[in-house]
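Engineer: This note's numbering numbers the first residue of the sequence shown as 83 and each following residue consecutively. Quick reminder that beta carbons are idealized off the backbone N, C-alpha and C, glycines included. Everything numeric in this text was worked out from a predicted model, so none of it was measured. First, the structure itself, so that you have it in front of you.
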Amino acid sequence: MARRWGTVLCLVVALFTVASPVNSAFAQTEQTPPSTFDVLQKQALQWAASAPAFQGKTLHVAPLDGRITVQSCQQNLQFEQPFPGQPSVRVRCAQPQWQLFVTLNQGSEPAVVSRNGTVAPTLHKVLVPKELLKRGTYLNAAMFNVAEMPAAGMESQLISDPKLIANMELVRDLTPSTPLRTFDVKTAVLVKRGQEVQVTAGEGQGFSITMRAESLQDGGLGEQIRLKNSESGRSLTAVITGPNTARVR
């Protein structure tokens, strides 16, 4: 009898010994930290829940191009929608410094199957220049055609609405076969430091005066800049309304 109980006890110990690594493995799986992209998705959807353009919509973050690596951010990510009406959202990290664009889509886009049974690439509306455009060119809708082409991995970077390029300028050369993307443009500099600016004041208040001032910094449309009155030498701030023009609020 003692020998039988000894055998049973050895079997129980052996079973626990074999099971322990498995349980440990399950525990490690449950404690695996989320990936940096998972963190980005979570924070992006939290931000979108209170953003007017996305509020009340069911959204998901479109997958990124596999060549893009999302660095871990030591602070909360910052989000903004630089192109109104577009699902493209700019994500910024302060530490370490980086930025990228992601797309917030509603639902899922079904795959299109061609006649031979293969999945056809999804076509996207894009803006392509009619001719070679040089870096620094001020853009307008007449410079582009609207075309449809595959854009796998670039969905979040495409600009398809010609209205969105007003008061923008190119930061690199663009060939006729290349679609316009968000990182190809920046807000055009309409006033440069050291230039003379025509400044108006008093509009809508029953009077209007115009003065000449020297710009103390660069700026784009709608940006507030510092200037110096050319006659009195006093400093003032004004909002840029056009090329070398500004208005005191």
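By Cβ distance, which residues of its chain are closer than 6 Å to Thr269, with the 5 residues on each side in sequence left out?
Structural biologist: Cβ within range, chain order: Gly302.
Engineer: Near Gln125, which residues of its chain fall below 8 Å by C-beta distance, leaving aside the five closest residues on each side in sequence?
Structural biologist: Cβ within range, chain order: Asn158, Leu159, Phe161.
Engineer: According to the Cβ coordinates, are Met225 and Leu215 closer than 9 Å?
Structural biologist: Yes.
Engineer: Specify, as a first and last residue, the run of the alpha helix (DSSP H) that Val208 falls within.
Structural biologist: Run containing Val208: none in the alpha helix (DSSP H); it sits in the beta strand (DSSP E), 205 to 211.
Engineer: Reducing DSSP to helix, strand and coil, say where Ile241 ends up.
Structural biologist: Here Ile241 sits in coil by DSSP.
Engineer: Would Leu262 and Val210 qualify as a contact pair, given that the criterion is a beta-carbon distance under 9 Å?
Structural biologist: Result yes, Cβ atoms of Leu262 and Val210 sit closer than 9 Å.
Engineer: Could you tell me which residues DSSP pairs with Ala229 in its beta bridges?
Structural biologist: Val208, per the DSSP bridge assignment.
Engineer: Could you tell me the distance, in whole angstroms, from the CA atom of Phe289 to the CA atom of Leu122?
Structural biologist: About 51 Å.
Engineer: Could you compute how far the alpha carbon of Gln188 sits from the alpha carbon of Ala144?
Structural biologist: Taking the straight line joining both Cα atoms gives about 10 Å.
Engineer: Which runs of the beta strand (DSSP E) spanning at least 3 residues fall entirely within the region 118 to 146, listed in chain order?
Structural biologist: Entirely contained in the region 118 to 146, the beta strand (DSSP E) runs reaching 3 residues are, in chain order, 141 to 143.
Engineer: So for Ala224, helix, strand or coil by DSSP?
Structural biologist: Of the three classes helix, strand and coil, the one that applies to Ala224 here is helix, per DSSP.
Engineer: Answer yes or no: do Thr248 and Leu272 have a C-beta to C-beta separation smaller than 9 Å?
Structural biologist: A quick correction: the sequence has Ala, not Thr, at residue 248. In this structure, Leu272 does not lie closer than 9 Å to Ala248 by Cβ.
Engineer: Going by DSSP, which residues form a beta bridge with Ile322?
Structural biologist: Its beta-bridge partners are Ala328.
Engineer: With burial defined as no fewer than 16 other Cβ atoms inside 10 Å of the residue's Cβ, what is the status of Gln168: buried or exposed?
Structural biologist: Classification of Gln168: buried, given that the 10 Å Cβ count is 16 or more.
Engineer: Just tell me which of Thr151, Thr140, Gln280 has its CA closest to the CA of Thr118.
Structural biologist: Ranking Thr151, Thr140, Gln280 by Cα distance to Thr118 puts Thr151 first.
Engineer: Going by DSSP, what residues sit across from Gly218 in a beta bridge?
Structural biologist: Answer is none; Gly218 lacks a bridge partner.
Engineer: Excluding sequence positions up to five away, which residues of its chain have a Cβ less than 6 Å from the Cβ of Phe165?
Structural biologist: So the qualifying residues of the chain are Leu246.
Engineer: Between Thr111 and the rest of its own chain, which residues show a CB-CB distance below 7 Å, the 5 nearest in sequence each way excluded?
Structural biologist: Interpretation of Thr111 is limited by its pLDDT of 42, a score under 50 that renders its predicted location unreliable; no figure is taken from the coordinates.
Engineer: Could you check the C-alpha separation between Val208 and Thr185 for me, to the nearest Å?
Structural biologist: Cα to Cα, Val208 sits roughly 15 Å from Thr185.
Engineer: Look at the Cβ atom of Val253, then the Cβ atom of Ser242, and state whether they are nearer than 9 Å.
Structural biologist: No, these two residues do not count as a Cβ contact at 9 Å.
Engineer: Excluding the 5 residues flanking Gln306 on each side, which residues of the same chain have their C-beta closer than 6 Å to its C-beta?
Structural biologist: Closer than 6 Å at the Cβ level, and outside the excluded window around Gln306, lie Thr319, Val321.
Engineer: For Phe161, which three-state DSSP category applies?
Structural biologist: Three-state result, Phe161: strand.
Engineer: Hey, quick one: how far does the beta strand (DSSP E) through Ala176 stretch, first residue to last?
Structural biologist: Counting along the chain, the beta strand (DSSP E) containing Ala176 begins and ends at 170 to 176.
Engineer: Run through DSSP, which three-state label would Thr264 get?
Structural biologist: The answer is helix: DSSP assigns Thr264 an H, G or I state.
Engineer: Hey, Ala233 and Val281: beta-carbon distance below 9 Å or not?
Structural biologist: The answer is no: Cβ separation not under 9 Å.
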